[in-house]
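A.B. asks:
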Amino acid sequence: TNERPSEGEADYVHTVLRSIQDDTDNVDARLVELQSAVNALMQERNKLLEYADSFKLLLSPTRRLPPELLMEIFQHACAYALTYPGNHSFHRTKSHWVIPQVCREWRRVALSCPPLWSSIH
Numbered sequence: 001t002n003e004r005p006s007e008g009e010a011d012y013v014h015t016v017l018r019s020i021q022d023d024t025d026n027v028d029a030r031l032v033e034l035q036s037a038v039n040a041l042m043q044e045r046n047k048l049l050e051y052a053d054s055f056k057l058l059l060s061p062t063r064r065l066p067p068e069l070l071m072e073i074f075q076h077a078c079a080y081a082l083t084y085p086g087n088h089s090f091h092r093t094k095s096h097w098v099i100p101q102v103c104r105e106w107r108r109v110a111l112s113c114p115p116l117w118s119s120i121h
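Just so you know, the numbering used here puts 69 at position 69 of the sequence shown, and the rest follows in order with no gaps.
#1: Can you give me the Cβ contacts of residue 58 inside the same chain, cut-off strictly under 6 Å, excluding the 5 residues immediately before and after it?
#2: Roughly how many whole angstroms lie between the Cα atoms of residue 107 and residue 42?
#3: Give me the Cβ distance between residue 116 and residue 74, rounded to the nearest whole Å; I'm assuming they're in contact under 8 Å.
#4: Going by the beta-carbon positions, is the gap between residue 99 and residue 79 smaller than 9 Å?
#5: Tell me which residue opens and which closes the alpha helix (DSSP H) that residue 33 is part of.
#6: Just to confirm before moving on: does the CB-CB distance between residue 113 and residue 71 stay below 9 Å?
#7: Do residue 67 and residue 38 have their C-beta atoms closer together than 9 Å?
#8: Hey, out of 17, 105, 36, 12, whose CA is closest to residue 62's CA?
#9: Could you check where the alpha helix (DSSP H) with residue 109 kicks off and where it finishes?
Next up, the structure:
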């Protein structure tokens with residue numbers, strides 16, 4: 001209505017408003033708790049995904065390449081770097097040194113590939 005509320009009605013409205021505010025405060029507090037829980041779960045999820053990625057790397061196709069094929073790839077990469085300088089980020093004077101730094105297996109294969117080292121300039 002458009003009439004002025006009585007004192008009793010005004011008291012009732014104030015009581016209802018306080019109750020609503022208390023409920024709102026409780027919901028806000030719960031939301032903060034839930035957001036904290038969501039953040040913790042997201043961090044846990046990200047750690048699990050990183051852990052899974054490290055295991056996926058173990059199954060990488062490049063890990064299953066035979067040494068002979070790796071040698072062939074390395075030789076072509078170094079030859080490309082010498083033939084087409086400036087067209088790529090594989091610097092022609094450093095290409096022989098970059099490959100062995102990728103991983104232990106690549107280092108072993110690269111160091112056991114005499115043709116790779118016979119073309120150093």
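Don't be surprised by glycine CBs; every beta carbon is placed ideally from N, CA and C.
The structure displayed is predicted, hence computed values, not measured ones.
C.D. replies: Considering the structure as presented:
#1: Your numbering for residue 58 matches position 58 in the sequence shown. Closer than 6 Å at Cβ, skipping near neighbours: no residue.
#2: The sequence position of residue 107 within the sequence shown is 107, counting from 1. The sequence position of residue 42 within the sequence shown is 42, counting from 1. Rounded to the nearest whole angstrom, the CA to CA distance from residue 107 to residue 42 is 38 Å.
#3: For this step, residue 116 is matched to residue 116 along the sequence shown. For this step, residue 74 is matched to residue 74 along the sequence shown. Residue 116 to residue 74, Cβ: 6 Å. Contact.
#4: Counted from its first residue, the sequence shown places residue 99 at position 99. Counted from its first residue, the sequence shown places residue 79 at position 79. No; because the gap between Cβ atoms is not below 9 Å, this pair is not in contact.
#5: One-based indexing of the sequence shown puts residue 33 at position 33. Taken as a continuous stretch (DSSP letters only), the alpha helix (DSSP H) holding residue 33 covers 7-58.
#6: Within the sequence shown, numbered from 1, the residue matching residue 113 stands at position 113. Within the sequence shown, numbered from 1, the residue matching residue 71 stands at position 71. In contact: residue 113 and residue 71 (Cβ atoms closer than 9 Å).
#7: For the purposes of this step, residue 67 is identified with residue 67 of the sequence shown, where counting begins at 1. For the purposes of this step, residue 38 is identified with residue 38 of the sequence shown, where counting begins at 1. In this structure, residue 67 lies away from residue 38, with their beta-carbon atoms at least 9 Å apart.
#8: The count along the sequence shown starts at 1 and reaches residue 62 at position 62. With respect to the C-alpha of residue 62, the residue from 17, 105, 36, 12 having the closest C-alpha is 105.
#9: For the purposes of this step, residue 109 is taken as the residue at position 109 of the sequence shown. Annotation for residue 109: the continuous alpha helix (DSSP H) segment containing it runs 104-111.
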